[in-house]
Each structure stands twice: as structure tokens, then as C-alpha cells.
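The structure appears right after this line, and notes come after that.
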Amino acid sequence: MGEPGTSEVMNLEDLEAASGFRTGRRHILSIVVENKPGVLARIAGLFARRGFNIESLAVGPTDDPAISRVTLTVDGGLHPIDQVTKQLHKLINVIKIRDLEPEDTVARELALFKVSVDDQARDQVMQFAEIFRGTVVDVSRRSMTIEITGTDEKIAAFEKMVRPLGLIELVRTGEIAVARGRSAT
Amino acid sequence: MRAVDAIMESLKAEGVDVVFGIPGGANLPTYDALYDAGIRHVLCRHEQGAGHAAEGFAKATGRVGVALATSGPGATNLVTAIADAVMDSVPTVFLTGQVRTDLMGTDGFQEADITGITLPIVKHSFQVADPREIPERLHEAFHIARSGRPGPVLVDIPQDLSRADINYEPSDAIALPGYRPTTDGNVKQIRLAAKALANARRPVIYAGGGVINAEGSEELRELCASDRFPVTCTLMGLGAFPAPHDQWLGMLGMHGTRAANYAMDEADLICCIGARFDDRITGKLSEFAPRAKFIHIDIDPAEISKNVPAHIPIVGDAKLIVSKLTREYRALETDSSRLDGWWERIQAWRERHPLGYTDSEDSEIKPQYMVEAMFEATDGQAIITSDVGQHQMWAAQYYHFCRPRQWINSGGLGTMGFGLPSALGAQIGCPDQTVVCLAGDGSLQMNSQELATCVAEKIPVKIFLMNNGFLGMVRQWQELFWDKRYSQVDMGTLPDWVKLAEAYGATGMRATEKGTLVEQMREALATDGPVVLDVQVTKEENCYPMIPAGAAARDMVG
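Protein sequence lines correspond, in order, to chains A and R. Each residue of the first sequence is one higher than the one before, counting from 1 in my numbering. Each residue of the second sequence is one higher than the one before, counting from 1 in my numbering.
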């Protein structure tokens, strides 16, 4: 009787190589770290020296003051995610890493759009903001600032709408995410 | 007690009885505590030397090596040794002094952000912020340095904190929630690996330094004895399997044997144990072992499938896994006659392409002969340390290492100047053994100041200098790949090594004749104290065979 997962008579041809491949999609990594000095520098340094590119990065405290959470997104088309997570795990201060599956994840980002407006454009921007469930957080005679919360795609879509009107600047927090359902991320 | 006294107590609790270092302003308090702590301190002449000495000690004994340095330049001088230790997974702890906390960040005198500088090259580092945590941090540092995949840990202690008064209580609590190395190895994977080995017709065992770090040489031998598996080792793994052996193919890789490299090229199954498919092993990655499936056993999960995708990955301690693998394999009772054809093929390579060189017809000393003479003069039993370059490769080829921790060199980083300081560290760790540093004339000048350390501390290392007056390996590459345009590789005849040795109070000798070389080596070995034997070898000899950089194993030249 063979163990489950262990074929009885094995042909070497049947062995398939594990991992090391590129997934081709964007990955959100939720990383639980010790809240200690230099942890972010260690993570950033690791990405830099291994040639991994960080698309976005958000760091914040958790309900436990000794623990922080780093949420970062990486392009799985450019980098072997398996190697990225294993290298991250080697950092002593990294406690847990979860590679969040897109369909099982709620991800949000906050963006502030400062748009140049005249009297005519002001109404248009307000309309867009309403459609995107955004909030006007600042207004001056020649500008407006809109707060948009949502997925990466939603923020990109809003940007597409307001850019032609004269986008002065765009500030984004980087994505944060939790797994859907009862279990903790 | 003072925090520095707690440092000494913590070191002793970790079993430290010798440290290597140099005092300075920021670690004055530490040295004051060291004054009567009952720990031997070896005063090196350069912090890099202290760092490599700690590595040599660690590599020879398997214990954690410790080096001390002051802030600023003292600490930055350790950087090469720290990088070397991370590349070769050497268990080491580096204790640096830092300027006072009120000066930190102000570009104070002798201030350098050593934790920042070394961030990419440490296994971990601590900068102490509260003197009360010093014993705990040290304890964690030793735990991290020696467990899992070993490596260097830096502990940076500001001067004022080291003078503070604290309550020292011995403790062995470890608070490292993110650090739990896997050691056991997945049983199903091990069983699968045993079956794969049983089904392989052209298997090769490819072992590296991880086997030595895991103290798994005996287990490796057992595995190989369970069938007639051909075995090859990396540069770092030499000694893990005894070189004079029927199943031994020699070292693999850039300057490995043809038998080893051709066997890798044609293998149907490669069982990698504690090695990492470095570019010096694989050559052109896309053409590396094109017919093979891979079992990869490593304590560091990040090494698995990093360069070569593994078919059967097993994470854990090589000693534990290999002994389980042997048991599983034996239970399968395979018919080893299936390997007959494979051995015939390997035997043919061995016969057609043995390692060899054309010896001189006169009294000229060929460098390869020099290594053979060393082997003879030391009965093949000495601990050999080496610098980096041609002499290192010749030592790997011609000194047949029979036991683990007998061969100490800088593999990953390739640090010239490693040989002498690591020899003195090894000699302190193994006082009853003969320690020979096989040096190159380019390399030896990079840390020759440690001759003073050897003399002052009565460390009787024997330095056999392979003197060809060139930066030999670079010269070889310029000859072969850069149209023999010798750019800045001629070192000339400087210095006069016999005089230099004597200036330091060591014994200097010179060898120029093949006929008397072994005898002179024996004389050097019989001489008390450190000896420099300047062996004048052929100036332009190339190290062969070799896989040109970026070429495939089957395209070896020479």
C-alpha cells in the first residue's frame, strides 16, 4: 500500500518540478511582522537586492502593539512569487506571510486626487465623484481634492476620468487587504 | 553589574572561550570587562583578520566564532568577513561598539551605521536600545547564528549603554516568533525520494557544505554505501565524502573533474544535499543537467527551486533527512545491477580524462606538484585553509580531503586574504592538529599583517605560499579570454617573503627545487611556531580542466 500522494512504482518521467514559475498575475502579500526598528528597511532592502519590484506598499499597526502588518503587491509576471515569499520568510522579524487569492480577498486603497477646475469643470468633477462614491475633501477657487476609496481598478478608472480635466496630483496609500470570511488573514 | 560584564557572562554561557578582535574607543567598556573575564582574546592586526579568524575557528570546530570591533572603521573593516560568512553559511557573531546614543545620527567621531551597512549581508542583526536587553539579544544572536542555515549575526552596542548597570540573570528564553527553522524533513517526500533513487538508472549524489554544517558526513557515507551511487561534492562540500573512494567522482563545477561534470550532464536523477546550484556549479543554466530530475535537500527553503526547479524538494536538516532516506532506500531492496551500465560509462570518463598535468622535466616546481607535495608531507591529514584563486582550485583538485572540516576556504564570496587569518582561527580551535595555509602571493598580501598575530599569540600555522608572481587566476582569464593582454596582474617579486616572515619574528624559508620540496615542507612542519615557506612555482600555469564562464558542463576545456 502506498502512501497517499506517493505513487507506488515510480517512473522518473512522471515527476513534475515544483514552483519557481511566474504566475503572471498581481499578488497581494499580507505580511505579519514584529513591530521592531528596521523591519521595513529589511523588507525594502531584500526587494532591492533580489531585484524584486514592489508595486505598492502599506504599513500599519494591528490590534496587537507588538505586531505590524505590511501589505504589498508584487507582479507575479515579473517575479517568481514562491521565491519572493521564501526570501521574505528568511527575515527573522517576519512572522507570517499570506499570499491572498484575488477571489477570496477584499482589497481597498485610498487615493486623493487634486484636480484643477474652473467653474465649468467643477460640476463635472463633482458628478464623477458622486458616481465613484467619492468625497470632496477640499475645494478652492481653482482646484478640488477628491477622496476615492476602492480597488486598484476603481482608482485607475477615476483617474482616467479626471486626468483630461487637469490632474494636479494623485496620492495613494497603497493597497490593504483582508481575506473574506471568518478566518483571520 | 555593568552591562559589559553581563556580555562576558552571556558569552561564557554560550560556551565561548576565545574571541578575536581589536579594541577602540566605543568598545573600551567591553575590553575592560574582558580584562579579567577568563575568555581568551586574540588581538588581530586588522578587523578583517579578526572576522576571518572567527570564521576559520567556526569552520574548523563547528562552534560559533566571535569577533569584536569598535565603531566606525573597526566595524566597517568587518564587512568583508560578514559578507563571506553569509555566503558560506558560517556560524558567527560580530560584536561592534557604537558611539554614545546621544551622538548617534550626528556623524559623531568614528560613527558608522553598521547595522544599516550590513543589512543585506547578515542573517540577522540587533542594535541594542536598552542595556537590560543585552544578555537576551546575545543569546538570540547565538541561537540564530548556529541554528537553521547558519550565518553571521551582528550585535551593535552603543558605548554608553554598555557601561550601564543592569541585573544579569541567566536565561535561555528565546522570543523569536518569526524564526522556527524546519529540521525534520517531510516523511512522504523522503519516501518519494527513496523511490526515485530506486528507479534511477543514472543517479548522482551532489553534496555541498550543508552536509558539513549539519555534521552529516557519516550519514552521507551510509547513504552512498546503501548502493553504488556516484558522489560528487562542491568546493564547500569537500571532505564530506572521503576523496579516496570507489564512488568518488571528484569535485564538480568550473574546475571540477570531467567525470563529475559529465555525470551531472548525463544523469537522470540528481540528489542534491546541502548545496545551492551556484553558477560555478551549473555553468550555463539552461543547459545544466538537461536529462535530470532533481531531489533537493536543504535546510533553507529559499534555496529550493531558486536556480533549478526541484522535482522532490525536502526542507530540513541534512543529517536527519539523509539517515531517514537511507533507511527508506534500504527497505526497497533494489537491484544495484541496474547501475552497471552507468558505472561503465563513468569509468570510461575517469580513464579517458583523469586529472593531470605535465610535470616539469627539470627542477621547476609545478603548482599542481606543490599541492601533491603538501599532501605527501602532511600525510593528507592537515587542516588546509586557502586563499582564493588558482592555488585554491589546485588544492581542491589535488589534496584529497578525507574528512569534514579539513578544508577551509572562501567559496561563495571568493575572498582573497581569507587564508592566513582563517588558519590562525582554525589552529586555535584545533590546537592538536597541523594547520597549513596554502596561500597565493596576491592573496597573502591582503592580510599578511596577521603574521604578527600568529607570532605574538604563538599560533604555529604553516604558510605554504604558492608564489608565481601573478594574480594567477586573473592572468589565466586574460590569457584565455582577453587575448593575453596582461592588464595589471604582474605582482613582480615583491615582497621578499623570507625577510617579511623574519621581520615578524616568524621563520622564513624558500623552495625553488622540485627535488627537495617535500623535505623542505616536512622541515617547515617540524619547525616550532609560524613558518612562511615561499615556494617559487611556474609563473604561467593554467588551472584545468575548466568550464568557461557561461558554457555548459560538457564543453569543458583543457
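Heads up, the beta-carbon is just placed ideally off N, CA and C, and yes, glycines get one too.
Given a threshold of 16 other Cβ atoms within 10 Å of its Cβ, counted over all protein chains shown, does residue i qualify as buried or as exposed?
i, result
"Thr174 of chain R", "Residue identity check: residue 174 of chain R is Ile in the sequence provided, not Thr. When all chains shown are included, Ile174 of chain R counts as exposed."
"Tyr35 of chain R", "exposed"
"Phe109 of chain R", "exposed"
"Ser7 of chain A", "For Ser7 of chain A, the predicted structure reports a pLDDT of 49, less than 50, and the residue's modelled location is therefore unreliable. A value from the coordinates is still provided. Classification of Ser7 of chain A: exposed, given that the 10 Å Cβ count is below 16."
"Asp379 of chain R", "exposed"
"His245 of chain R", "exposed"
"Gly417 of chain R", "buried"
"Lys484 of chain R", "exposed"
"Ala549 of chain R", "exposed"
"Ala553 of chain R", "buried"
"Arg149 of chain R", "buried"
"Ala541 of chain R", "Strictly speaking, residue 541 of chain R in this sequence is Glu, with Ala absent from that position. So Glu541 of chain R ends up on the buried side."
"Val33 of chain A", "buried"
"Gln381 of chain R", "exposed"
"Val322 of chain R", "buried"
"Gly15 of chain R", "exposed"
"Trp497 of chain R", "buried"
"Gly181 of chain A", "exposed"
"Asp156 of chain R", "buried"
"Glu140 of chain R", "buried"
"Thr516 of chain R", "exposed"
"Leu444 of chain R", "buried"
"Met8 of chain R", "buried"
Under 8 Å between beta-carbons, which chain R residues line up against residue i? List them in chain order, please.
i, result
"Ala184 of chain A", "In chain order: nothing, as chain R lies at least about 15 Å away."
Residues of chain R with CB under 7 Å from residue i, in chain order?
i, result
"Asp82 of chain A", "Ser305"
Step through the CB atoms of chain R and report whether any lies within less than 8 Å of the CB of residue i.
i, result
"Asn93 of chain A", "yes"
"Ala121 of chain A", "no"
"Arg98 of chain A", "no"
"Arg69 of chain A", "no"
"Arg22 of chain A", "no"
"Glu103 of chain A", "no"
"Ala58 of chain A", "no"
"Glu188 of chain A", "Here chain A comprises residues numbered 1 to 185, so residue 188 of chain A is not present and cannot be evaluated."
"Ala156 of chain A", "no"
"Arg180 of chain A", "no"
"Ala41 of chain A", "yes"
"Gly5 of chain A", "Residue placement at Gly5 of chain A is flagged as unreliable, the pLDDT there being 44, under the threshold of 50; a coordinate-derived value is accordingly withheld."
In chain A, which residues lie less than 7 Å from residue i when you measure between Cβ atoms?
i, result
"His124 of chain R", "Ile92"
"Lys293 of chain R", "Leu12 and Leu15"
"Pro120 of chain R", "Gly45 and Arg49"
Does residue i come within less than 8 Å of chain A when only Cβ atoms are used?
i, result
"Asn199 of chain R", "yes"
"Pro131 of chain R", "no"
"Pro309 of chain R", "yes"
Output, in chain order, the set of chain A residues within a Cβ distance shorter than 8 Å of residue i.
i, result
"Ile312 of chain R", "Leu15"
"Thr115 of chain R", "Gly38"
"Glu302 of chain R", "Position check: residue 302 of chain R holds Ala in this sequence, whereas Glu was assumed. Those within 8 Å of Ala302 of chain R in chain A are Gln83, Lys86, Gln87, His89 and Lys90."
Are the C-beta atoms of residue i and some chain B residue less than 8 Å apart?
i, result
"Gln87 of chain A", "Of the protein chains in this structure, namely A and R, none is chain B."
Which residues in chain R have a C-beta closer than 9 Å to the C-beta of residue i? List them in chain order.
i, result
"Ala18 of chain A", "Ile304, Ser305, Pro309, Ala310, His311, Ile312 and Pro313"
Problem set entry | 4-residue-minimum alpha helix (DSSP H) runs that sit fully inside the segment 15-102 of chain A, ordered along the chain | 39-50 and 81-90
Problem set entry | Proximal residues, the segment 170-203 of chain R versus chain A, C-beta separation under 7 Å | Leu176, Pro177, Gly178, Tyr179, Lys188, Arg191, Leu192, Lys195, Ala196, Asn199 and Ala200
For this session: Would you mind listing the beta strand (DSSP E) stretches within the segment 119-153 of chain R that are 3+ residues and don't spill past its ends, in chain order?
Result: 124-127
For this session: Scan the segment 116-183 of chain A and note each continuous alpha helix (DSSP H) run of 4 residues or more that stays entirely inside, going in chain order.
Result: 119-131 and 152-166
Problem set entry | Near-chain A residues of the segment 143-158 of chain R - C-beta to any C-beta below 7 Å | Result list: Ile144.
Problem set entry | Members of the segment 257-279 of chain R that neighbour chain A once the beta carbon cut-off is set at 7 Å | Asp268 and Leu269
For this session: Would you mind listing the alpha helix (DSSP H) stretches within the segment 435-512 of chain R that are 4+ residues and don't spill past its ends, in chain order?
Result: 441-444, 450-456, 472-481 and 497-503
Problem set entry | Runs of beta strand (DSSP E) wholly within the segment 341-420 of chain R (minimum 3 residues, chain order) | The segment 341-420 of chain R contains these whole beta strand (DSSP E) runs: 383-386.
For this session: Scan the segment 222-287 of chain R and note each continuous alpha helix (DSSP H) run of 4 residues or more that stays entirely inside, going in chain order.
Result: 258-266 and 279-282
For this session: Identify every run of the beta strand (DSSP E) within the segment 38-122 of chain R, keeping only runs that are complete inside it and at least 3 residues long; order them along the chain.
Result: 40-43, 65-69 and 92-98
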